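As structure tokens, the structure follows; a few thoughts come after it.
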Amino acid sequence: MNSNKAIGVIVGLIGTAGLILSNASFNGNENYLYSILGVLAAVCYAVNVNLLKKYLSGIPAVAVTSGCFAVLLVPAFLILIWSGFFTEDLTNIELQKSVGFIAILGVLGTGVAMILFNRLVQITNPVFTSSVTYTMPIIALGWGVLDDEVFSLNQLFFAMLVIIGVLIVNRAKAISIKRKNRLA
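Per this note's numbering, the very first residue in the sequence shown carries number 3; after that it's consecutive.
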């Protein structure tokens with residue numbers, strides 16, 4: 003990571019934090035300490051990206067994704083048992099529809115996205131891959147606007163910071179590639 007990439011990541015992080023805090027001004031009665039879980043998730047995510055790049059670059063993205071889901075299979079099954087899922091009337095049409103939609107969301111929304119993510123990690127660097135996810139809060143804001151939530155100029159400003167951070171990281175990558183080409 004060079005200084006330009008670090009600046010881009012910090013700008014994006016400030017934008018993301020600003021989006022969280024600007025939402026707190028609208029909903030002051032919410033407990034925003036849970037946002038720390040998001041930060042913890044981001045740290046785990048960063049570790050994941052770097053481990054994937056360092057140790058699993060040579061393994062096909064589908065195999066890495068399959069391995070991840072294979073590890074999650076046992077805990078997920080135990081949670082289903084613990085939740086009482088199998089005590090429900092499994093012939094209920096509404097339940098079958100719900101499980102079907104969850105399966106579609108899991109396969110297409112999570113499975114395919116994870117395969118693409120793992121492939122992106124393999125063909126780029128961890129900083130670029132993780133910077134792409136800074137756009138997630140902007141997507142969430144878009145869904146909120148579609149759901150008639152309040153959207154302020156502060157939120158627009160912080161969303162723009164996120165985009166600027168991603169652009170800085172990508173520009174830093176393009177500059178370093180040009181430098182390498184000149185030296186070659």
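Virtual Cβ for every residue (Gly too), placed ideally from N, Cα, C. Model, not experiment: these values are computed from the prediction.
Within 10 angstroms of the Cβ of residue i, are there 16 or more other Cβ atoms? Answer buried if so, exposed if not.
i, result
"Q98", "exposed"
"V171", "buried"
"G60", "exposed"
"L75", "exposed"
"V45", "exposed"
"M54", "Sequence check: residue 54 is Leu here, not Met. So L54 counts as buried."
"G17", "buried"
"F79", "exposed"
"V51", "buried"
"V147", "exposed"
"G144", "exposed"
"V49", "exposed"
Would you mind working out which of the options sits nearest residue i, comparing C-alpha positions?
i, options, result
"L163", "I38, I9, G14 and N4", "G14"
"V168", "M138, L54 and N31", "M138"
"K56", "E151, V123 and I166", "V123"
"A161", "I140, G69 and G146", "I140"
"N33", "A8, I22 and A43", "I22"
"Y47", "W145, A8 and T131", "T131"
"N127", "L42, I38, A43 and L58", "L58"
Rounded to the nearest angstrom, what separates residue i and residue j at their Cα positions?
i, j, result
"S5", "I104", "42 Å"
"V101", "E90", "12 Å"
"D149", "A142", "11 Å"
"F87", "Y36", "28 Å"
"S85", "L110", "24 Å"
"I95", "L107", "18 Å"
"A8", "I83", "45 Å"
"I166", "A72", "38 Å"
"G20", "I125", "31 Å"
Please list, in chain order, all residues of the same chain as residue i whose beta carbon is under 6 Å from its beta carbon, the five residues on each side excluded.
i, result
"A63", "I117, N120 and R121"
"N156", "S24"
"G69", "none"
Please report the residue range of the alpha helix (DSSP H) in which residue i lies.
i, result
"F103", "I95 to I106"
"L39", "S37 to Y57"
"S68", "A63 to S85"
"V123", "A115 to I125"
Excluding the 5 residues flanking residue i on each side, which residues of the same chain have their C-beta closer than 7 Å to its C-beta?
i, result
"T67", "G113, M116, I117 and N120"
"G40", "none"
Cβ of residue i less than 8 Å from any chain C Cβ?
i, result
"I9", "The displayed structure is made up of one protein chain only, and chain C is not part of it."
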